[in-house]
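Heads up: the protein sequence lines correspond to chains A and B, in order.
Number 129 in full-length UniProt numbering belongs to position 129 of the first sequence; there are no gaps in the numbering.
Number 232 in full-length UniProt numbering belongs to position 232 of the second sequence; there are no gaps in the numbering.
Here's the structure, in structure tokens; my notes come after.
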Amino acid sequence: MTAYSASDFTTNHKHPLLEDFLQQNPSCDDESAERAFLVYQDLTEVRNWWFTEMAYSDALERPYITGQVSRRLPRQAVLPIGVEERISVHDAQTFFCKIFTSGAPVKSLTLAVNELDSTVVYYKLTSGLSPPDPPEVTTQRKHDKDAQFDRKRRHVAACVQKAMKRTSHEVFGHINYN
Amino acid sequence: DVQMLREECRIVGKLVGCLPRAPRQNIQLGLPLQLMPEEAKLLVDIGNIIILYKQSYVHSIKISNFFLTLVQQRLYKEHRKEEVSQRMDSIIAGKKAKKRKLQEELNQSKDGAGAASETMDAPEESGSQGALSEGKDGADKDIDSLTVDDIVTTETSAEHSLVQIFTQNPWKESYVTYKDWSYPSTERDILRYRVFKDLWGKGFYLTSGSKFGGDFLVYPGDPARYHSHYIAVCRSQFDELPCLDLVSLGRLSSNVRKTALLCAMDRNRKVTYTSLTWTGLS
């Protein structure tokens, strides 16, 4: 009987993409890379962003993510920030200088405040004065979202019905045969 | 004046008084208008107002009351003297009558005593009677020579004098221009004032932002007609905000359909703004 220690059972496997990223940017530390990777996963798997990539900013010494919400919309930058970190206004201004999408520094970026348990909150940081959306735009957006959700629900319901019909047909067919 | 400030100078301020026709409510307040220190400083800078300092002589009220009592005492004394001089004759007559009565009583008692020892005390009696009669005449003369001043001798005490209760502001007030206003003096005040001035210069209306936990509320037009667009939060450039504060600020502002505006001043005294809004991602 061999003795097993706890460390034998803990494996430190990283996602291959994350490992690639770390290899490409050796100066990036593991924790911030992990955090960035959580945000990356959220964007790609949950929100289905288009052509999302992880990048590293040497000047800021932190990773960030670039991507598009959908094929048509322009590219955006997302900067993951840990919940315990502290940001000053000066820092925020440097973000705008040092982070690039498609070769040009960004004017507005999405700040992804996240915890290591993968809770993420997104806020939009813009340099300068950016007025809030007028109420019409917000209601329109809500309406669109509701419509989209409704469509999805109906589609799923239709699929379920079809599946039910198919299975019942098979069952009945079987019985009749008997 | 308040209207002029609002329309021409884009300074709103806050009404803190009560309306004269509807005093017992605080839904709608009236004059006076209270200005934020930033507003006042801005108005001084653009030359529309001057700061006045009210100098009031508070100690004069005690002096004036003291003089009032003296005057009253004097007047009262004069009044009494007048009364007494009018009735002088009756007073003198009364005093004489009183004295005569006293003397008669004395004589009666003396006569009673004298009857017992007539022979021996006769010369004494006559002498004393003579003395008495003389005394009587002398007293009468004295009484005749009584003047008003002899009667009215005491002063009425200050306790009995009237005190005036004022129905209007009794202090002598004068307005002096206040030259030593040292606002803004702290770093934070300086930053706030710079931000205020800058945003005002861009054509916004600004009011106090304490309702939403910020420094100012920024309106694109008159606050009576528009909702505010920004909650301005002034922070010094290198002051570090925890991320949770950013999240709470963002959450609050998105819930009330405003943008949080982080304002800071860089080394060249230029104000930089960073807006925090809600992304579409839920």
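The beta-carbon is built from N, C-alpha and C at its ideal position, and this holds for glycine as well.
The segment 200-219 of chain B makes no contact with the segment 55-62 of chain A, as fewer than three CB pairs between them are under 8 Å. Taking C-beta atoms under 8 Å as the contact rule, residue 123(A) and residue 279(B) qualify, at a distance of about 6 Å. Where residue 26(A) is concerned, there is no enclosing beta strand (DSSP E), because DSSP gives it neither an H nor an E. For residue 171(A), the closest Cβ of chain B is not nearer than 8 Å. No Cβ-Cβ contact shorter than 8 Å links residue 39(A) with residue 106(A). Within chain B, 235, 236, 237, 238, 239, 240, 241, 264 have C-beta atoms less than 9 Å from the C-beta of residue 88(A), given in sequence order. Residue 15(B) sits close to residue 31(B), with the two beta carbons spaced by under 8 Å. With a cutoff of 8 Å on beta-carbon distance, residue 258(B) and residue 219(B) are scored as not near each other.
In the DSSP assignment, residue 255(B) falls outside any beta strand (DSSP E) and lies within the alpha helix (DSSP H) extending over 243-255. Note that the segment 93-101 of chain A does not touch the segment 142-151 of chain A; fewer than 3 beta-carbon pairs, one per stretch, sit closer than 8 Å. Annotated as proximal: residue 110(A) and residue 76(A), with beta-carbon spacing under 8 Å. With fewer than three CB-CB distances shorter than 8 Å, the segment 234-242 of chain B does not count as touching the segment 10-25 of chain B. In this structure residue 181(B) is exposed. Its beta-carbon is surrounded by fewer than 16 other beta-carbon atoms within 10 angstroms.
A Cβ-Cβ contact shorter than 8 Å links residue 243(B) with residue 83(A). Here residue 109(B) is exposed. Its C-beta has fewer than 16 other C-beta atoms within 10 Å. Neighbours of residue 261(B) in chain A, taken as residues whose beta carbon is under 8 Å from its own, are 129 in chain order. Annotation for residue 92(A): the continuous alpha helix (DSSP H) segment containing it runs 89-98. Contact note: residue 47(A) reaches chain B through 281, using a C-beta cutoff of 7 Å and chain order. Residue 54(A): member of the beta strand (DSSP E) spanning 50-57, first to last residue.
Within chain A, the residues 123, 124 have their CB atoms less than 8 Å from the CB of residue 278(B), given in chain order. The beta carbon of residue 275(B) sits closer than 8 Å to some beta carbon of chain A. Taking the Cβ atoms as the reference, residue 42(B) lies roughly 6 Å from residue 197(B), within the contact range of under 8 Å. Using a Cβ-Cβ cut-off of 8 Å, residue 93(A) counts as an interface residue toward chain B, since at least one Cβ of chain B sits closer than that to its own. Under the three-state reduction of DSSP output, residue 236(B) falls in the coil class, being neither helix nor strand.
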